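The sequence shown: position 125 = 128 (my numbering), numbered continuously.
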Amino acid sequence: ICAAQYFVDKKWYRGLVKKTLSDGQVLVQFVDYGNVDPCPEGTLRKKPSMTAIPVQATCFKLHTIAPAHTDGKWKREDLDNIHSSVSTKNCRVELEAIADGYGIKRLIMANGKDAIALWVANRWARYANEPLVEYLQKMDLKDKEETEQLEEDVNEDGSVEDRQSDEEEV
């Protein structure tokens with residue numbers, strides 16, 4: 004374990020050197036947070052304080068979701084959206100045992116909503132147990148229904164029908 008300066012806030016945190024990179028940097032895992040980032044060699048110190056304190060980060064798998072794209076790969080924008088939706092926020096995590104550790108079954112945000120359901124609704128991810136072909140067909144159908152609804156809501160003069168006020172009158 005070493006002390007490594009985190010590039011964002013320039014503060015020192017406990018780290019573990021994972022790999023030496025060719026550009027004078029070292030890949031460091033910040034053991035109390037879990038992130039892995041490159042650090043210039045000059046921003047590492049050998050004997051950090053607080054080595055008696057156990058490592059605080061624990062790794063869990065998001066095994067219930069998968070990329071929502073036809074190529075089966077995560078897009079940077081989706082990962083950024085997922086990260087910003089829960090990073091530095093209080094959440095309740097429900098875990099379940101999986102073959103190689105623990106997986107996140109549910110991730111409940113402070114407002115009581117399930118973050119994983121939010122990610123799927125925003126199309127940043129899909130449920131892993133849903134085949135990609137079925138997911139894409141469902142999304143195409145949803146797009147079509149939304150387009151048809153929008154077309155129904157547009158009046159002849161180009162104005163849009165206010166559906167919410169109609170519902171409130173009921």
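By construction, the Cβ of each residue, glycine as well, lies at the ideal position given by its N, Cα and C atoms. Bear in mind the structure is a predicted one, so any value in this text is a computation, not a measurement.
If contacts are defined as beta-carbon pairs under 8 Å, then residue i and residue j qualify, I think. What distance do you get, rounded to the angstrom?
i, j, result
"HIS66", "GLY106", "4 Å"
"VAL89", "MET112", "7 Å"
Taking only the alpha-carbon atoms, compute the straight-line gap between residue i and residue j and give it to the nearest angstrom.
i, j, result
"THR46", "ALA7", "6 Å"
"VAL173", "LYS145", "Here the model assigns VAL173 a pLDDT of 40, short of 50, so the residue's position is not dependable, and the following value carries that caveat. Answer to the nearest angstrom: the Cα atoms are 26 Å apart."
"ASN114", "THR23", "42 Å"
"ALA102", "VAL96", "19 Å"
"LYS76", "ASP12", "31 Å"
"GLU148", "PRO134", "21 Å"
"LEU121", "LYS50", "42 Å"
"LYS21", "ASP143", "43 Å"
"PRO43", "GLN28", "4 Å"
"LEU82", "ARG48", "31 Å"
"LEU98", "PHE10", "31 Å"
"ASP169", "LYS116", "Low per-residue confidence applies at ASP169: pLDDT is 47, beneath 50, and the placement is therefore not dependable enough to give any value."
"THR91", "ILE56", "22 Å"
"GLU80", "ASP74", "15 Å"
"SER25", "SER52", "28 Å"
When you compare each of the options to residue i by their alpha carbons, which one comes out closest?
i, options, result
"ALA124", "PRO70, ASP12, LYS49", "PRO70"
"ALA100", "ARG109, ALA128, LYS92", "ARG109"
"TYR16", "TRP127, SER88, ALA131, VAL39", "VAL39"
"ARG126", "ILE85, ASN132, ASP117", "ILE85"
"LYS78", "SER25, LYS14, ARG129, GLY18", "ARG129"
"GLY37", "ILE119, GLY18, SER52", "GLY18"
"TYR138", "ILE68, GLU80, LYS92", "ILE68"
Please tell me whether residue i and residue j are closer than 8 Å, where the distance is taken between their beta carbons.
i, j, result
"ILE4", "THR61", "no"
"LYS64", "GLY104", "yes"
"ALA131", "CYS94", "no"
"VAL58", "VAL31", "no"
request  = For the stretch 79-143, list the alpha helix (DSSP H) runs that are entirely contained and at least 4 residues long, ordered along the chain.
outcome  = 79-89, 118-124
request  = Counting only runs of 4+ residues fully inside the stretch 15-89, write out the alpha helix (DSSP H) ranges in chain order.
outcome  = 79-89
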